[in-house]
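*Asks:*
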Ligand SMILES: [Zn+2]
């Protein structure tokens, strides 16, 4: 059967001699694995189409589990994301996160347009420290793990100030603080941003300027959240970490948010199912 779908390449791996297998996140048919024959040969007309984060109209024949590419019309090559080190690293992280966090059944039209908007925002030069944090929230939600942010995840009280506890499920009030000694203290503007990110559609993300300390708190909070609930161990994140450490060595980042060295021992991380925890 011949399929014609709009999709984005979220994974691309070498296959046999000169071929590639790409995973497409599509707008209408979830995730699809497609063989691109000859993609690694110098004169292949499909070479560009088999590259990570290419967005296009893909036509492929499929009888078994894998399709075979027949034709592609590139809609958005995202060339800006292929330059330098950081652009490709941020975009690769968004793709790998999507591939790993989103199951076949959950990969629908909404997720597709969130990823497309995420890549477009990165290509337009919007702050990756904002774009990726919003996207992480979207992917946590898609995987079924949205933090509880407007009331205490322990008892439901709405008394601020809260701390942020990945282990208990989000906001934690003063009465429940004993349930997680490693809960994070976040500035009030950071709480507002987390709530905004939870509600925001990536397609409506404007330009946001944040203090360096807010970015650091957001990054640390989302990382702790995803480590506790999604535990994906992404290869692309390791590379991003190296890039960021390199940036810090060069003095590109001042005004650290707070001590990121304080973290709970892995053994105390209790992974709970937020879907069941939400009342
Ligand atoms: Zn409470």
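In the UniProt record's numbering, the protein residues as written are 1 to 279.
Beta carbons: idealized from backbone N, C-alpha and C, even for Gly.
Quick caveat, the model's predicted, so the values are computed rather than measured.
1. Under 6 Å from any heavy atom of ligand 1, by CB: list those residues in chain order, please.
2. Taking the CB atoms as reference points, tell me whether residue 145 and residue 230 lie closer together than 8 Å.
3. I believe residue 55 touches residue 116 by the beta-carbon criterion, under 8 Å. Please report the beta-carbon distance rounded to the nearest angstrom.
4. Can you give me the C-alpha to C-alpha distance between residue 63 and residue 93, rounded to a whole angstrom?
5. Taking residue 51 as part of the beta strand (DSSP E), name the residues at either end of that continuous run.
6. Just to confirm my understanding: we take residue 77, look at its own chain, exclude 5 residues before and 5 after, and list those with CB closer than 7 Å. What are they?
7. On the DSSP bridge assignment, give the partners of residue 36 in chain order.
8. With a 10 Å radius around its C-beta and 16 neighbouring C-beta atoms as the bar for buried, classify residue 19 as buried or exposed.
9. Around the C-beta of residue 95, are 16 or more other C-beta atoms found within 10 angstroms, so that it is buried, or is it exposed?
10. Look up residue 11 in the DSSP assignment and say whether it is helix, strand or coil.
11. From the DSSP output, which residues share a beta bridge with residue 195?
12. May I ask you to report which of helix, strand or coil DSSP gives residue 207?
13. Candidates 43, 37, 71: which alpha carbon is nearest residue 7's?
14. Measuring straight from C-alpha to C-alpha, what distance separates residue 294 and residue 35?
15. Between the beta-carbon of residue 122 and the beta-carbon of residue 81, is there less than 8 Å?
16. Give me, in chain order, the residues of the same chain whose beta-carbon lies closer than 7 Å to that of residue 185; leave out the 5 immediate sequence neighbours on both sides.
17. Out of 151, 148, 91, which one is the CA nearest neighbour of residue 126?
18. For the beta strand (DSSP E) that contains residue 164, what are its first and last residues?
19. Looking at the secondary structure, which residues open and close the beta strand (DSSP E) in which residue 75 lies?
20. For residue 43, which three-state DSSP category applies?
21. Excluding the five sequence neighbours on either side, which residues of its own chain have a C-beta within less than 7 Å of the C-beta of residue 200, listed in chain order?
22. So, helix, strand or coil for residue 183, using DSSP?
23. Where does residue 110 fall in DSSP's three states?
24. With 16 as the cutoff for other CB atoms within 10 Å, does residue 176 come out buried or exposed?
25. Tell me whether residue 242 is buried or exposed, calling it buried when 16 or more other Cβ atoms sit within 10 Å of its Cβ.
26. Straight-line CA distance for residue 23 to residue 233?
27. By DSSP's criteria, residue 93 is part of a beta bridge. Which residues make up the other side?
28. If you measure from the beta carbon of residue 26 to each beta carbon in chain B, is any gap under 8 Å?
*Replies:* A quick look at the data gives this:
1. 152, 154, 155, 157, 173, 175, 176
2. yes
3. 6 Å
4. 31 Å
5. From DSSP, residue 51 is part of no beta strand (DSSP E); its letter is neither H nor E.
6. 48, 54
7. 20
8. buried
9. buried
10. For residue 11, the three-state secondary structure derived from DSSP is strand.
11. Paired residues: none, contrary to the question.
12. coil
13. 71
14. With the chain covering 1 to 279 only, the question about residue 294 has no answer from this structure.
15. yes
16. 163
17. 91
18. 163–165
19. 67–76
20. It is coil, neither helix nor strand.
21. Contacts found: 134.
22. coil
23. helix
24. buried
25. exposed
26. Using only the alpha carbons, I get a separation of about 19 Å.
27. Beta-bridge partners assigned by DSSP to residue 93: none are found.
28. Of the chains in the structure shown, none is chain B; there is only one protein chain.
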